[in-house]
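Trainee: Numbers 1 to 216, taken from my numbering, label the letters of the sequence shown in order. Dropping a structure here in structure tokens format, bear with me for questions.
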Amino acid sequence: MLSLMFTCGYSSANAKDKTAERHIRVAAIAIVEGLSAPCITATNGSLIECSLNTRTLSEAQKIKAPDGVIHVYADKMDASKNPPAKPMQIINLGSATNIILIFIPTERNYKIMQIQDNTVPFGAIGLMNGTTSKIIYKKGTEQSTLLKSGMLGIIKCQNNDGFEMMISAQNDEGKMKLIRNTIWQISNEQREFVFIYGAAQDAKFHHIVDFKKNIN
């Protein structure tokens, strides 16, 4: 299991490769009205415009971020102001060169989850616990796996075979409640990011699919 990185602020860690070209792909759990085309800038003046999609990851866009730091603005207008408007978030990419940014709606705009692109391989499902409760999942006859809040579990699949998934969440009384019992299936040519969010007793699921053919 891996810990998810919610980039709600600035991290002091410096990038190891100061000249690395970053490849950024984006998607959203849902679109906040008026905030569907965020703009990303680097401290050297590089700029890219993004288009958020709720079903698939965008194509990779390249940006040179010498110190690993990027600023995410609501749109190009905010990013192009002199001086620029206040960014939605400042993100330190560290030494990662291939990054997925997932935009999760908040009351005002978004919080952004940063995932290294190679974390979830093709032929696998990344199950992400975005609730504040513990999640337990069980694939077929395998042992159950505990997924704490903010953690990512990798579920590897084989030969496009369907398998049973049982997912339980801890309710307000501290007891585990079954919230999903289903059959999942995925081919080796795709991968899927499944986000569990909201209140655990009434958790919501969102699926974002990526295909190997979309990798440049």
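Every residue gets a Cβ at the ideal spot worked out from N, C-alpha and C, and that includes glycine.
Would you be able to state if there are at least three C-beta pairs under 8 Å between the segment 51-59 and the segment 18-35?
Mentor: Touching, per the Cβ criterion.
Trainee: Cα-Cα, which of I196, Q116, D67, F211 is closest to G130?
Mentor: For this step, residue 130 is matched to residue 130 along the sequence shown. Comparing Cα-Cα distances from G130 to each of I196, Q116, D67, F211, the minimum goes to I196.
Trainee: Identify which residue in L127, N82, A65 has its Cα closest to the Cα of I24.
Mentor: Position 24 of the sequence shown, counting from 1, holds the residue named residue 24. Selected option, being the one with the closest Cα: A65.
Trainee: Nearest-angstrom Cα distance between N92 and G68?
Mentor: Along the sequence shown, read from residue 1 onward, the residue named residue 92 stands at position 92. Along the sequence shown, read from residue 1 onward, the residue named residue 68 stands at position 68. Spanning the two alpha carbons is a distance of roughly 6 Å.
Trainee: Pick from T43, I115, A169: whose alpha carbon is nearest that of T97?
Mentor: Here residue 97 refers to the residue found at position 97 of the sequence shown. Comparing Cα positions, the closest option is I115.
Trainee: What's the gap between the Cα of V217 and the Cα of V194?
Mentor: Because the chain spans 1 through 216 in this model, residue 217 falls outside it and cannot be assessed.
Trainee: Indicate the three-state DSSP secondary structure (helix, strand or coil) for Q185 in the structure shown.
Mentor: The sequence position of residue 185 within the sequence shown is 185, counting from 1. It is coil, neither helix nor strand.
Trainee: Where are the alpha helix (DSSP H) runs, 4 residues long or more, that stay fully inside the segment 29-108, in chain order?
Mentor: For the segment 29-108, whole alpha helix (DSSP H) runs of length 4 or above, ordered along the chain, are 76-80.
Trainee: Tell me T145's beta-bridge partners as DSSP assigns them.
Mentor: One-based indexing of the sequence shown puts residue 145 at position 145. Per DSSP, Y137.
Trainee: Among G174, A200, E33, which has the Cα closest to the Cα of T106?
Mentor: Within the sequence shown, numbered from 1, the residue matching residue 106 stands at position 106. Of the listed residues, the one whose Cα sits closest to T106 is E33.
Trainee: Nearest by alpha-carbon distance to G198: which of S144, K134, E164, K212 is it?
Mentor: The residue labelled residue 198 in the question sits at position 198 within the sequence shown. For G198, the nearest C-alpha among the options comes from K134.
Trainee: If I measure Cβ to Cβ from K219 and keep anything under 6 Å in the same chain, skipping five residues before and after, which residues do I get?
Mentor: Any answer about residue 219 is impossible in this case: the structure gives the chain only from 1 up to 216.
Trainee: What is the C-beta distance between A79 and L47, in whole angstroms, given that I count them as a contact (C-beta under 8 Å)?
Mentor: Counting from one through the sequence shown, the residue named residue 79 turns up at place 79. Counting from one through the sequence shown, the residue named residue 47 turns up at place 47. At roughly 6 Å, the Cβ-Cβ gap stays under 8 Å, so A79 and L47 are in contact.
Trainee: DSSP state of F6, grouped into three classes?
Mentor: In the sequence shown, the residue the question calls residue 6 occupies position 6. With a pLDDT of 49 at F6, under the threshold of 50, the predicted position of this residue should be treated as unreliable, and no value is reported.
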